[in-house]
Amino acid sequence: MVTLDSLNWDDFKYLIVVSRHDTLAKAAEVLKVNHSTVFRRINSLEEALGSKIFIRNSDGYRLSDVGVEILEYVEGIVDRVADIKLVLDNQKNGTSGEINLTVPHNFGYCFLPSYIRKFQEKYPEIIVNLHISNDDCNLSKREADLAIRACSKPPEHLVGKHLFSLHWSAFASLEYLETYGEPAGVDELSDHRLICSHINLLLLPAFKWIRENIPHKNIVARSNDLVSMSALAAAGVGVAILPDDQVKPELKRLFTVDFVPTSNIWLLFHPDMRSCKRLKVFKDFLLEQLSNETLLIEYNCTC
Numbered sequence: 324m325v326t327l328d329s330l331n332w333d334d335f336k337y338l339i340v341v342s343r344h345d346t347l348a349k350a351a352e353v354l355k356v357n358h359s360t361v362f363r364r365i366n367s368l369e370e371a372l373g374s375k376i377f378i379r380n381s382d383g384y385r386l387s388d389v390g391v392e393i394l395e396y397v398e399g400i401v402d403r404v405a406d407i408k409l410v411l412d413n414q415k416n417g418t419s420g421e422i423n424l425t426v427p428h429n430f431g432y433c434f435l436p437s438y439i440r441k442f443q444e445k446y447p448e449i450i451v452n453l454h455i456s457n458d459d460c461n462l463s464k465r466e467a468d469l470a471i472r473a474c475s476k477p478p479e480h481l482v483g484k485h486l487f488s489l490h491w492s493a494f495a496s497l498e499y500l501e502t503y504g505e506p507a508g509v510d511e512l513s514d515h516r517l518i519c520s521h522i523n524l525l526l527l528p529a530f531k532w533i534r535e536n537i538p539h540k541n542i543v544a545r546s547n548d549l550v551s552m553s554a555l556a557a558a559g560v561g562v563a564i565l566p567d568d569q570v571k572p573e574l575k576r577l578f579t580v581d582f583v584p585t586s587n588i589w590l591l592f593h594p595d596m597r598s599c600k601r602l603k604v605f606k607d608f609l610l611e612q613l614s615n616e617t618l619l620i621e622y623n624c625t626c
């Protein structure tokens, strides 16, 4: 018989993370523990419950029928505990504690490092934990405190602050332009070597246009990441159509691609975080830094 005394409630955190990531290795990375710890905690939970909650196979861990039912109850409990913790943290921590921030790759590599250095000079008691990803992040489940994402408008259940809008332009390296010449507009791109996307970026307007208008033989490289595409263009591989924040010293901005809608960049957070002082000072600081960002001003990115 399962009793409260026989359960280690912290083990349920391992249940949730493994169920979301399917393998012990991925779960261990998220939880910042080693593989054997996750294995031990899942086994301990199954022993305490007297039931198998995961089915092990070659692809990883899949919830059993019992596991699915247990997870539904546990997630509700964990969410309520997180809400209580959030209220307590917001009241007691002030301008100290941690901020979990998730941002796209280029924003994390190019803008944030210098911003975070300046921020921590001003607020040394606040630690910024940076998660570089374009994946969806569930702010309602506290997977992050703040998210910077490209979207047309914030989801209804979140609060959003518009940061800036980015035009899309054609870019190429000076080396490429010396060898192949410089296109004057989109009508001339069909005579050039193009870098395109694949997998998760295929539906973006810029790459949909390339697939429909550029001869297949002229697409010389593909990538599923905008930062990688910018690097390929900087190395002279070909012309890339990219948002203007992807510019590098080795690249020349050729012309704005008017048929691609601007990308709206938003700062998103959960309504429950409005009263959190450390998040407020970070948001205010971030907006101040962006308003003075040379690259955004130079390329007329509207804040």
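Residue numbers (our numbering): 324 to 626. The C-beta atom is built at its ideal place from N, Cα and C for all residues, glycine as well. Predicted, not measured: the structure shown is a model, and the values here were computed from it.
Could you give the distance in angstroms between the alpha-carbon of residue i and the alpha-carbon of residue j?
i    : j    : result
V336 : A493 : Note on identity: in this sequence residue 336 is Lys, with Val being the wrong assignment. So the alpha carbons of these two residues sit roughly 46 Å apart.
T418 : H515 : 53 Å
A467 : V426 : 10 Å
M324 : R440 : Unreliable placement is indicated for M324, whose pLDDT of 48 sits below 50; the coordinate value is still reported in the next sentence. Each residue's Cα considered, the two are about 54 Å apart.
V565 : K355 : Per the sequence presented here, residue 565 reads as Leu, with Val not at that position. Going by the C-alpha atoms only, they are around 34 Å apart.
A554 : E498 : 13 Å
P572 : A556 : 11 Å
E398 : P594 : 20 Å
C599 : D345 : 33 Å
N547 : A348 : 23 Å
N541 : S513 : 7 Å
G504 : V583 : 23 Å
P436 : D382 : 37 Å
L577 : R472 : 26 Å
W491 : R403 : 42 Å
E511 : L469 : 42 Å
A350 : R385 : 13 Å
Q443 : H358 : 33 Å
S551 : T585 : 20 Å
E479 : D459 : 15 Å
L619 : F434 : 11 Å
H539 : R545 : 12 Å
T502 : A558 : 13 Å
N380 : E352 : 20 Å
H614 : W332 : Sequence check: residue 614 is Ser here, not His. If I take the Cα positions, the gap works out to 46 Å.
K445 : L549 : 32 Å
If residue i sits next to residue j, beta carbons under 8 Å apart, how far is it from one beta carbon to the other, in whole angstroms?
i    : j    : result
V280 : P506 : Past the edges of the chain, shown from 324 to 626, lies residue 280, and the structure says nothing about it.
N429 : N452 : Wrong, their Cβ atoms sit about 19 Å apart, outside the cutoff.
V580 : V509 : 6 Å
L489 : D567 : 5 Å
L574 : S456 : In fact, because the Cβ distance is near 24 Å, the residues do not count as touching under 8 Å.
I378 : S367 : So it is not a contact: roughly 18 Å between Cβ atoms.
I339 : V389 : Not a contact, Cβ separation roughly 15 Å.
Can you name the residues that DSSP bridges to residue i?
i    : result
K575 : A495
R385 : I378
G420 : I449
I542 : L517
L591 : A470 and G483
T425 : H454 and A470
A563 : F494 and I518
S586 : L489
Using C-beta distances below 8 Å, list every residue in its chain close to residue i, excluding the 5 sequence neighbours before and after it, in chain order.
i    : result
E448 : T418, S419 and G420
G431 : L453 and I455
V543 : R516, L517, I518, V560 and G561
Ignore the nearest five residues each way along the sequence and tell me which others in residue i's own chain have a CB closer than 7 Å to its CB.
i    : result
Y438 : L609 and Q612
T617 : none
R364 : D334 and Y337
L524 : F530 and N547
F362 : L347
M596 : D468 and L602
R474 : Position check: residue 474 holds Cys in this sequence, whereas Arg was assumed. Closer than 7 Å at the Cβ level, and outside the excluded window around C474, lie N587 and W589.
P477 : G483, W589 and L591
Quick one: is the Cβ of residue i within less than 6 Å of any heavy atom of the ligand NAD?
i    : result
H593 : Although the ligand NAD was asked about, the structure shown includes no ligands whatsoever.
Identify, in the order they occur along the chain, each residue of the same chain with its Cβ nearer than 6 Å to the Cβ of residue i, setting aside the five sequence neighbours on each side.
i    : result
S342 : L386 and L394
I450 : E421
L330 : A371
T360 : none
Could one say the Cβ of residue i lies closer than 7 Å to chain C's Cβ atoms, at least one of them?
i    : result
N380 : Of the protein chains in the structure, only one exists, and it is not chain C.
Report yes or no: do the segment 475-491 and the segment 586-595 share at least 3 C-beta pairs separated by less than 8 Å?
yes
Would you call the segment 526-544 in contact with the segment 594-607, where contact means no fewer than 3 C-beta pairs closer than 8 Å?
no
Using a Cβ distance threshold of 8 Å, determine whether the segment 370-377 contacts the segment 385-401, with at least three qualifying pairs required.
yes
Cβ pair count under 8 Å reaching 3, the segment 510-522 against the segment 531-551:
yes
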